[in-house]
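Just so you know, we're using this note's numbering here: the sequence shown kicks off at 241 and counts up by one.
For glycine and all other residues, C-beta sits at the position ideal for the given N, C-alpha and C.
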Amino acid sequence: MLTNTQSSLSKLQELLPQLFESTQLLGEPFLRFQLTPGIIALLSMESVQEALLVPVKFITRIPNVPSFVVGLVNSRDRVFFAIDLPEMLGLASPLTTSLHYHMITIQVSQLISSNPEQKICLGLIVNYIQGITRVNSDEKLSDQGNFSSSLTPHIQAVIAEKETLLPILSLASIIKQANKR
């Protein structure tokens with residue numbers, strides 16, 4: 241019995257320092273989400289404020305706007321537009337009449353405003369938010385893959401994961417497209 245306790249104690253002493261060691265996570269963080277049922281995409285976490293599951297009733301519809309504009313959202317004392325990202329990018333939008341939308345809230349102030357103090361946000365509604373993926377710069381491919389011609393201008397880079405190519409979307413290109421329309 242004493243040796244069993246001693247072995248448990250020695251194991252604990254061995255593992256305890258590892259608990260307090262900071263582990264260095266490698267790679268740049270990206271938010272991983274399902275753009276359409278057939279396309280998983282990534283967006284740099286640099287501008288992502290939060291990922292939300294928003295009840296449909298919390299989005300205020302607005303008349304006379306492009307069809308990809310879902311409406312206005314009030315979150316954390318900010319009011320901002322929520323857009324159907326797949327539809328805006330010219331893809332078949334998988335959004336249905338569900339009770340909730342998966343929304344990525346992004347900070348766009350640095351891309352559209354000369355005042356860095358101004359906190360301007362935009363909600364990107366996608367099919368499903370999957371989580372965070374880390375990508376090393378050497379994993380990025382120069383080949384854009386066989387994506388639709390409407391999506392290709394918004395692809396910053398592509399990574400290969402198993403048999404699938406995942407596009408990394410350019411936030412600047414998305415904002416430019418939203419402002420154009």
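Where glutamate 268 is concerned, the enclosing beta strand (DSSP E) starts and stops at 268-276. With a beta-carbon spacing of about 34 Å, leucine 255 and isoleucine 369 fall beyond the 8 Å limit used to define contacts. Beta-bridge partners of alanine 291 (DSSP): Ile344. Between glycine 363 and serine 250, the alpha-carbon positions lie close to 51 Å from each other. Judged by DSSP in its simplified three-state form, proline 393 adopts helix. DSSP places glutamine 417 in the uninterrupted alpha helix (DSSP H) bounded by 411-420.
The C-alpha of leucine 266 is placed about 27 Å away from the C-alpha of glutamine 253.
For serine 349, the enclosing alpha helix (DSSP H) covers residues 349-352. Counting along the chain, leucine 325 sits inside the alpha helix (DSSP H) bounded by residues 325-328. Shown here, serine 248 sits in a helix according to DSSP, grouped into three states.
Beta-bridge partners of lysine 380 (DSSP): Ile399. The Cβ atoms of alanine 322 and glycine 311 lie closer than 8 Å to each other.
Sequence-distant partners of tyrosine 341 (beyond 5 residues in either direction) whose C-beta falls short of 6 Å from its own C-beta, in its chain, are Val294 and Ile365. Between leucine 405 and glutamate 290, the alpha-carbon positions lie close to 25 Å from each other.
With contacts defined by Cβ atoms closer than 8 Å, threonine 373 and leucine 282 form a contacting pair. In the three-state scheme derived from DSSP, where H, G and I count as helix and E and B as strand, glutamine 370 is classed as strand. Shortest Cα-Cα distance from isoleucine 346 to any of Thr392, Glu401, Val305 and Leu292 involves Leu292.
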